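Under the numbering used here, the letters of the sequence shown match residues 818 to 1014, in that order.
All C-beta atoms in this analysis are idealised placements derived from N, C-alpha and C, irrespective of residue type, glycine included.
Computed from a prediction, not measured in an experiment: that's the story for all the values here.
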Amino acid sequence: MLKLDRNILQWFDSFFEEQRTSLQKSNFICKLYRFEDKGRQKTALTLEKDNPKYWKIYFEMPQELAVKLEKNVHPIFREYIYEQLSIYNNNRMYNFINSNLIGVFNNVAFYSYDQNSGVYTMNFRNSFLEKCNNLMVGEDRQIDTNLYLNASSNDLFRFFNEDKSFVMNLRFDTTRGENLLDSLIDLRKSIIINDRA
818 MLKLDRNILQ WFDSFFEEQR TSLQKSNFIC KLYRFEDKGR QKTALTLEKD NPKYWKIYFE
878 MPQELAVKLE KNVHPIFREY IYEQLSIYNN NRMYNFINSN LIGVFNNVAF YSYDQNSGVY
938 TMNFRNSFLE KCNNLMVGED RQIDTNLYLN ASSNDLFRFF NEDKSFVMNL RFDTTRGENL
998 LDSLIDLRKS IIINDRA
C-alpha cells in the first residue's frame, strides 16, 4: 500500500519552532504562507522538489492547529514544549495530505509489482484516460468525488479538491517525450513509501 512518508511532516514543524517561512532539505523546498481569504486567516504550506521541478504540493492547515503550534513553542529554546502537539504527530493533518496525494495517484495510475521481472510498473488507468477524453487546456474536469483536474498547459496538470485546500501541480517535459507518469514516478521515488504492513 502506498502512502506519504510521514517523516516529511517533521520539516514543516521547523517553520513553527524556528520561526521561518522557507527551508531547503536536500533537494526539496518547503514554504509557509500566511494570508487572509474572505476575512479569514489561513496558513498554507508547500513542498516541491527543486530539480527537476516535476511536482509541487500545496495544502492548507486548520487555523486552530497553526495557533496551537505557535503557542506550543518555548520562547527561549525555540522547540515544542509538548512533542505530541506537532504537524508530524497530527493524524488529521497527515490523513488529509495522504488521502489527497494518494487519491491523485490512485485515480491516475495503476501501480503494480511484476513478479516475473521483479520490478514495479506504472501505467495510466483506463478510467482516468476516459475521464480526460477531449480535455481542453484550462478546463476543470472532475475525476473523483472530491478531486478535480485542470490542464493548465500541455505540460502542467493541476489536481485539487473542491475548496482548493489541497493542490498538486504535476509538470513534465513533452519535448523529451515525458508525460504525466514521469511526474508521478518522481513523486513516488521522492516522498511516497510502500508500506507492506
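Item	Value
Backbone CA spacing between Q836 and F974 [nearest angstrom]	32 Å
N917 beta carbon less than 9 Å from that of L826	no
S969 beta carbon near the ligand MG (any heavy atom closer than 8 Å)	Absent from the structure shown: the ligand MG. Ligands present: none.
Cβ contact (3+ pairs, closer than 8 Å) linking the stretch 873-890 and the stretch 969-989	yes
Residue from G955, S843, D980 whose Cα sits closest to the Cα of L964	D980
Cβ separation of V921 and E834, assumed to be a contact under 8 Å, to the nearest whole Å	About 30 Å; that fails the 8 Å criterion.
C-alpha distance - R942 paired with K888, whole-angstrom precision	45 Å
As assigned by DSSP and simplified to three states, the class of R993	helix
Minimum C-alpha distance to E881 - residue among S903, E865, P892, L864	S903
From Y930, V936, E995, R958, residue whose alpha carbon lies closest to that of M818	Y930
Secondary structure of I904, DSSP reduced to three states	coil
Extent of the continuous beta strand (DSSP E) run through E836	The question names Glu, but residue 836 in the sequence shown is Gln. Where Q836 is concerned, there is no enclosing beta strand (DSSP E), given that its DSSP letter is neither H nor E.
For D830, the three-state DSSP class (helix, strand or coil)	helix
Rounded straight-line distance, which links the Cα of R958 to that of C949	8 Å
Proximity of S969 and V954 at Cβ, strictly below 9 Å	yes
Beta-carbon separation (whole angstroms), N924 vs F894, contact threshold 8 Å	In fact, because the Cβ distance is near 44 Å, the residues do not count as touching under 8 Å.
Proximal residues to F829 (C-beta, below 7 Å), its chain only, five neighbours per side dropped	C847, L862, I904
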